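Each remark here refers to the structure printed beneath this line.
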Amino acid sequence: MPVATDFDEALLDRVLAGERISQEDARALYTLPLNELGAIADARRNLATPDRERIVTYIIDRNINYTNVCNVYCKFCAFYRTEKDDDHYVLSLDQLDAKLDELTAIGGIQILLQGGHHPKLDLDWYLTMLRHIREKYPHINIHGFSPPEFCHFAEVFGMPVREVLQKFIEAGLGSVPGGGGEILVDRVRDRIAPLKCKSDQWLGVMREAHALGLRSSATMMFGHVETIDDRIEHLQRLRDLQDETGGFTAFICWTFQPEHTKLRAEPVGSSEYLRMQALSRIFLNNIENVQSSWVTQGPRIGQIALKYGANDFGSVMMEENVVSSAGTSFRLQKEDIERLIRQAGYEPHRRNNWYQLVD
Ligand code: SF4
C-alpha cells in the first residue's frame with residue numbers, strides 16, 4: 054500500500070474503508086504516485102462490485118451517427134459538417150437497416166444512436182426512426198441521443214425536454230448516453246463549446262430522464278482547457294445528481310483528441326488518463342461501473358485501465374465516427390476484447406446496457 058504522510062495515512066484508511074471523499078481529499082489523492090493511486094482505485098473497484106471482482110464486462114453494440122449536420126460548432130469536434138459541406142449526410146432508413154443487420158449478424162444488442170444538432174429535422178422524423186428500429190429490431194436497445202441533443206430538440210420542437218423524452222420513450226428509446234458532458238463547469242464549456250447546453254441543462258435532462266425511468270451513463274472529456282479543480286467539480290456534480298436519482302449506471306472518461314479540431318490545447322497522455330480514471334472511481338462512490346476507454350487510449354492502455362478502477366471494457370463498437378474524425382482509430386473484435394480481458398487476469402462476460410450478464 055502507498056507510502057504516505059501522516060495526513061495521507063488517515064485519508065488512505067478512510068478511502069480503503071470505502072468512505073466517501075471530499076473535494077479536498079480528491080486534490081490530495083491526485084498528487085499520489087500513479088501506481089499508488091491505481092492500487093487504491095482497484096481496491097475501491099472491488100468494494101463497488103463485490104460479487105464481480107474477477108469479472109470484466111463488455112457489450113456488443115455499434116455507434117450510429119444519424120447525421121453529421123450540426124450548428125453547434127464545438128471547438129474540440131472534428132465530426133460535424135454544415136449543410137453546405139459536400140460530405141454532410143442524414144441516414145435513410147435503408148442505410149440504418151443495413152447497419153442494424155450487420156450488428157444483428159454479430160450478436161449485437163444495442164446501438165449508440167447519436168447525431169449532430171440538425172436544425173431542420175422535425176419531431177416526426179425522429180419518432181419515425183425510433184419506431185422503425187423498435188418494430189424491426191426488437192432485440193436492439195436504443196441507447197440514444199445525449200443531453201445537449203435533447204436541449205436542442207426542446208428548442209426546435211417547441212416543447213419541454215420532459216415531453217420530448219416521453220415521446221421518444223413511447224417510440225422506443227431505451228436509455229440515454231452521457232455524451233456532451235465534457236466538463237460540467239460553465240466557464241470551461243463557454244471556452245470549448247459556447248453554443249452547447251450549459252451544465253445545469255445537461256444535469257437537468259438527466260434528472261428528467263431518470264425520473265421517467267431511463268438509465269444513463271455519465272462521462273467526462275478532459276485534457277483541454279480545464280483545471281484539476283474543474284475536473285473535481287465535474288465529478289462532484291455527477292455524484293450529487295446520482296445521490297438524488299440513482300440513474301447513472303456507469304462512468305466513462307476520455308481525453309481530448311485534438312487532430313482536425315479548432316481547439317488549441319496540448320493533449321494529455323495515458324498516465325493522466327489513468328490518474329483521472331482512478332480518481333473518478335474513488336470519488337464516484339455511488340456509481341457502480343467504470344468503463345475503460347480503449348477507443349481513445351488504445352487496447353493496451355484500455356487493458357491497464359482495468360487495474361485503475363475500471364470493471365468494464367466498453368463495447369465492440371463495430372462503427373465509430375466521432376473519435377476517429379479526430380485522428381484516433383482503434384478497432385477490436387469480440388475475440389480481441391475477451392483476450393485482452395483474460396490477459397489482464399479477469400473473466401470476460403457480455404452484458405446489456407443495465408449491466409446484467411447476458412452470456
Ligand atoms: S460535439 Fe456534437 S454538438 Fe458539438 S459540434 Fe460535434 S456533433 Fe455538434
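For the sequence shown, the working numbering assigns the number 54 to the initial residue and increments by one for each residue that follows.
Cβ coordinates follow ideal geometry from the N, Cα and C atoms, glycine included.
Here the structure is a predicted model, which is why all the values come from computation and not from measurement.
- The Cβ neighbour count for Asp365, taken over all protein chains shown within 10 Å, is at least 16; the residue is labelled buried.
- Assignment of Cys306 by DSSP, reduced to helix, strand and coil, places it in the strand class.
- Taking a cut-off of 8 Å for Cβ pairs, the stretch 132 to 152 and the stretch 175 to 189 touch, as three or more such pairs fall below it.
- Assignment of His196 by DSSP, reduced to helix, strand and coil, places it in the strand class.
- Classified as buried, Leu90 has 16 or more neighbouring CB atoms from the shown chains inside 10 Å of its CB.
- Apart from the 5 residues on each side of it in sequence, Glu297 sits with its Cβ closer than 8 Å to the Cβ of Arg260 in its chain, given in chain order.
- Per the coordinates, the alpha-carbon of Cys204 lies some 42 Å from the alpha-carbon of Gln396.
- If you check the C-beta of Gly169 against the ligand SF4, you find a heavy atom less than 8 Å away.
- The ligand SF4 has a heavy atom closer than 8 Å to the beta-carbon of Phe129.
- Assignment of Thr110 by DSSP, reduced to helix, strand and coil, places it in the strand class.
- Counting along the chain, Met274 sits inside no alpha helix (DSSP H); it lies in the beta strand (DSSP E) bounded by residues 268 to 275.
- Under DSSP, Thr181 shares a beta bridge with no residue.
- Annotation for Tyr179 indicates a beta carbon at 8 Å or more from all heavy atoms of the ligand SF4.
- Boundaries of the alpha helix (DSSP H) around Val258: 252 to 264.
- With contacts defined as CB atoms closer than 9 Å, Gly227 and Gly197 qualify as a contacting pair.
- The closest heavy atom of the ligand SF4 lies less than 8 Å from the beta carbon of Val125.
- Distance between Lys360 and Gln254, taken at the CA atoms: about 34 Å.
- Per DSSP, His402 lies in no alpha helix (DSSP H); the unbroken beta strand (DSSP E) holding it starts and ends at 400 to 403.
- With fewer than 16 other beta carbons inside 10 angstroms of its own, Val411 counts as exposed.
- Your pair Ile162 and Ile193 checks out as a contact, with CB atoms roughly 6 Å apart and the cut at 8 Å.
- Annotation for Ala224: Tyr179, Leu180, Leu183, Arg184, Arg187 place their beta carbon closer than 8 Å to its own, counting only its chain and skipping 5 residues before and after.
- Checking the 8 Å criterion, the Cβ of Pro230 is out of range of every heavy atom belonging to the ligand SF4.
- Distances from the CA of Leu291 to each of Val369, Ile357, Leu237 were compared; the closest alpha carbon is that of Leu237.
- One alpha carbon belongs to Ile112, the other to Phe275, and they sit about 24 Å apart.
- Distance from the CA atom of Gln409 to the CA atom of Lys137, rounded to whole angstroms, is 44 Å.
- Inclusion of Gly233 in the 8 Å shell around the ligand SF4 follows from its C-beta lying nearer than that to a non-hydrogen atom of the ligand.
- Scanning the stretch 126 to 194 from its first residue to its last, the whole beta strand (DSSP E) runs of 3-plus residues come out as 163 to 167.
- Counted as a single uninterrupted DSSP element, the beta strand (DSSP E) harbouring Ser368 occupies residues 365 to 368.
- With contacts defined as CB atoms closer than 9 Å, Gly299 and Ser269 fail to qualify as a contacting pair.
- About 7 Å separates the Cβ atoms of Asp95 and Gly362, confirming a contact at the 8 Å cut-off.
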